[in-house]
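Reviewing the structure listed below.
There are 2 protein chains.
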Amino acid sequence: MMRDEAIGLGKRMAGMDIRSRGFTERTQLETAVNSLLSGVEPLPHESVASALSCHRTLASPLLAPRNVPSFARSAMDGFALSAICITGASESSPAILRVVGESLAGHPPNFTVRPGGAARIMTGAALPAGTNAVVPIEACRQLGSTVEIHEAVVPGRHVCAVGEDFKQGQIVLNAGRRLLPHDLAVLSALSLRDVSVIRQPRVLILVTGDEILPAFSEPAADRICDANSPMLQALIQRDGGQVTAVAIVPDNPSDLCAALAANHSADLILISGGSSVGQEDHAPAVLSKMGTLDVHGLALRPASPAGFGRLNNGTRVMLLPGNPVSCFCAYELLAGRLVRRLAGRHDSLPHTVKHYPLAQDVKSVQRRTDFMRIRIVNGMVETIPGGASMLSTVAMADGFILISHDSAGCSSGDLVAVYLFENA
Amino acid sequence: MMRDEAIGLGKRMAGMDIRSRGFTERTQLETAVNSLLSGVEPLPHESVASALSCHRTLASPLLAPRNVPSFARSAMDGFALSAICITGASESSPAILRVVGESLAGHPPNFTVRPGGAARIMTGAALPAGTNAVVPIEACRQLGSTVEIHEAVVPGRHVCAVGEDFKQGQIVLNAGRRLLPHDLAVLSALSLRDVSVIRQPRVLILVTGDEILPAFSEPAADRICDANSPMLQALIQRDGGQVTAVAIVPDNPSDLCAALAANHSADLILISGGSSVGQEDHAPAVLSKMGTLDVHGLALRPASPAGFGRLNNGTRVMLLPGNPVSCFCAYELLAGRLVRRLAGRHDSLPHTVKHYPLAQDVKSVQRRTDFMRIRIVNGMVETIPGGASMLSTVAMADGFILISHDSAGCSSGDLVAVYLFENA
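Here it is as structure tokens:
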């Protein structure tokens, strides 16, 4: 039986060209990214409550449905009047007007100011009919039912005119804008209860492996907690996606097939683990069977066993290595770009990039991209050694550097681009 | 009656030293920030589910409660064996071992490998008793119940040793760390269901003004929608705080007193509007009455009517101008720092800063800080004209610049620090 098993394994190895592809030929990162994003458009739009729209991507240009302000209002506390009534007024030669009423914010004035009259007015209050300017309180002296005006003003002075901030019909924000906190103020000022945004990509996470316990669970002999899905969930949320479910799938093709087939609503499925070319790595074969495996095996360290393709129903599937650092690398350099593209965001890396000199020589090999965890120590970049299973190498890192496929390494003192974790 | 009212107003103006302070003396921004943050410590810690801890601030150093890995496991698919059994093995002179079993991930091996034996092993599987190294499958050739081993290895080769990633008791993450997506992987790998983090500051938002309609509501004559609270909520969330409630409060002291008194759980109360020195600006006087008004009136454009203090029960209160641009400015330069400090974050501005040359001369006055909305056009900084009520000036901005109180302006071509909105 052991012989049969060995022969069986050999058959499987020989019969699956994807396995040999994974080993004999590795796709360059740039080629893989181009293939992954080729023809990918942002998802369709949906309407969401403006109050919940922060960080969402505007699906179409935002037009002002009305003028803001919708009424002429005072920008100051003072007196509203007709500018022509106080032509030439000054401190030495004040104009004297009758005070005929008061306009307070939120209390529409129901009187008209005739020539020779003025109205007390507060910031934000509507200008009474018959007035076109405001003189600030500091330049006025009220004496009972009259007021001395100590400076002349031009019509419109200290008045927020109708449509001064936003004119009905104007484009206020462009399509594709990721809504910022202050944009919510704009939406509210325009009385827009809802806003049309790009739908959030729905992502299903399948974590494969008989040894995998649910995230954060109690330890058990010879088994490990799912570290990847909590990380992926937080990254997907960062990138504007929405995780619809996380499922742990045993190491066998039929369970994985069933998990993939069961899903009909995901825009993207991430499979963590089982992506390589070993006996228990079923994901590439299953994806080949249920759709297409477009790329498998990358010239990328430490995420060479990554791959991607589509199910026959069109759903995109990304194969992420099970080792947490490899999984992180493959998400950041590949899957995350896809999530952002689907969410209508720019697909470039979201990290703040700063340049620092290397504290040491860094070796790589040509025709492979290296994702290296680094620390900034005394303003210089130190790489953190350790394998793809070592989460500690990420936990202690300030960010990462990428050694391009056309470089065999860098020298101490070279300025390198550091992708910082802090603000990503 | 008009006379009485006018006299009454005069009395109020004369009687309130805070009003004259607001006008005659304005606190420098830096002085105000120092006063605002003086003695402010991060809030106490609380325990939260690790799954929900992303972006929270670690309250104490995170110690590894156990070794990770907790068992020696294979880093490769191959054969587990005792390294000493294959000393000198090579392709031309392979060692031949008996295959005595198989170790799969998640299926603990219940056998012992004696000298001269080997076990098939998969990545992630536990090393059987009696083995201390793994030879990758590529360097092995299984023939029925025996296996040819084509390379020698040292003990520990391709084995993730117990505690190799995290050693029980070691500090894994430092206190004060803002938890990143990949830190959640660390928490899960350590089987930490909960984590101790700084409590989120609870913020109450009071929006004052008889003219204020609820955010995003239908327009009504002479009234305006609350634009500030949706913006403040998004900013507070960005800064690690939590908005407990938003209330719209009419323009009178008793309602404002009641709204302030009703709150017992907020760490911070933001009052939007009514912060200046006009007839309807009740917030400074109410705060003075119910506690202390520490600073009122800033040498800051466009947020000079801002102020802050504390209620007698110790709750911090921030007075933000009602004009949305002023409110935004006062939040970003003052209140936001306080929220971040309370949340255990760094209180510096969270924006990405880049330097660009000015496209034009920019005028300011000495002894006043100017917060100017700007656009980047052809790699140069253009300021956006428009008053504090003009939300459009923020909506079209890429960020802002600050003209310091010790500068009377900058010249075209000067390199200035731009605080970019994009990644804040």
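Respectively, the protein sequence lines represent chains W and D.
Add 411 to a position in the first sequence, counting from 1, and you land on the number used in the numbering used here.
Add 411 to a position in the second sequence, counting from 1, and you land on the number used in the numbering used here.
Note that beta-carbon positions come from the ideal geometry of N, C-alpha and C, so glycine has one too.
What you are looking at is a predicted structure, and each value in this text was computed from that prediction instead of being measured.
- Look at the segment 576-595 of chain W: the residues with a C-beta under 7 Å from a C-beta of chain D are 576, 577, 583, 584, 591, 592, 593, 594 and 595.
- Residue 637 of chain W belongs to the set of residues whose beta carbon lies under 8 Å from a beta carbon in chain D.
- The closest CA to that of residue 619 of chain D, considering only D:464, D:588, D:695 and D:647, is found on D:695.
- Any Cβ of chain W closer than 8 Å to the Cβ of residue 832 of chain D would place that residue at the interface, and such an atom is present.
- Going by C-alpha positions, residue 742 of chain D is about 13 Å away from residue 712 of chain D.
- Counting only runs of 4+ residues, the alpha helix (DSSP H) found wholly inside the segment 433-478 of chain D occupies 440-448, in chain order.
- Each residue's CA atom was taken as its position, placing residue 474 of chain D and residue 740 of chain W some 25 Å apart.
- As DSSP reads the structure, residue 653 of chain D sits in a beta bridge with D:613.
- At least one CB atom of chain D sits nearer than 8 Å to the CB of residue 690 of chain W.
- Counting the other Cβ atoms within 10 Å of the Cβ of residue 592 of chain D gives 16 or more, which makes it buried.
- If one requires a minimum length of 4 residues, the alpha helix (DSSP H) runs lying completely within the segment 630-690 of chain D are 639-649 and 664-673, in chain order.
- With respect to residue 483 of chain D, residue 529 of chain D sits apart: the two C-beta atoms are not nearer than 8 Å.
- Using a CB distance cut-off of 8 Å, residue 567 of chain D does not count as an interface residue toward chain W.
- For the pair residue 797 of chain D and residue 636 of chain D, the Cα-to-Cα distance works out to about 20 Å.
- For residue 510 of chain W against residue 579 of chain W, the beta-carbon gap comes to about 35 Å, at or over 8 Å, which does not count as contact.
- One thing to note: residue 489 of chain W has its Cβ within 8 Å of the Cβ of residue 551 of chain W.
- When the Cα atoms are used, residue 727 of chain W and residue 523 of chain D turn out to be separated by approximately 44 Å.
- Under the 8 Å Cβ criterion, the segment 611-625 of chain W does not count as touching the segment 644-659 of chain D, having fewer than three qualifying pairs.
- In the DSSP assignment, residue 792 of chain W forms a beta bridge with W:769 and W:787.
- Burial of residue 480 of chain W is indicated by the presence of at least 16 other C-beta atoms within 10 angstroms of its C-beta.
- Residue 630 of chain W is not a Cβ neighbour of residue 721 of chain D, given a cutoff of 8 Å.
- Taking 8 Å as the threshold, the shortest C-beta distance from residue 490 of chain D to chain W does not fall below it.
- Listed along chain D is no residue with a C-beta nearer than 7 Å to that of residue 561 of chain W; the closest approach is about 16 Å.
- Per DSSP, the beta-bridge partners of residue 774 of chain W are W:820.
- Residue 789 of chain W counts as exposed, since fewer than 16 other C-beta atoms from the protein chains shown sit within 10 angstroms of its C-beta.
- Counting along the chain, residue 741 of chain D sits inside no beta strand (DSSP E); it lies in the alpha helix (DSSP H) bounded by residues 735-741.
- In the three-state reduction of the DSSP assignment, residue 485 of chain W falls in the strand class, which pools E and B.
- Neighbourhood of residue 518 of chain W in chain D, by CB distance below 9 Å: 621, 622 and 633, in chain order.
- In this structure, the alpha-carbon of residue 809 of chain D lies about 21 Å from that of residue 461 of chain W.
- Against chain D, the beta carbon of residue 480 of chain W has neighbours under 9 Å at 635 and 800, listed in chain order.
- Under the DSSP assignment, residue 593 of chain W falls outside any beta strand (DSSP E), being part of the alpha helix (DSSP H) whose first and last residues are 592-600.
- Only buried fits residue 685 of chain D, as 16 or more other CB atoms lie within 10 angstroms of its CB.
- Here DSSP, grouped into helix, strand and coil, assigns residue 747 of chain D to helix.
- Under the Cβ criterion of 8 Å, residue 721 of chain D is not counted among the residues facing chain W.
- In this structure, residue 540 of chain W keeps its C-beta atom at 8 Å or more from the C-beta atom of residue 494 of chain W.
- A straight line joining the alpha-carbon of residue 546 of chain D with that of residue 648 of chain D spans about 51 Å.
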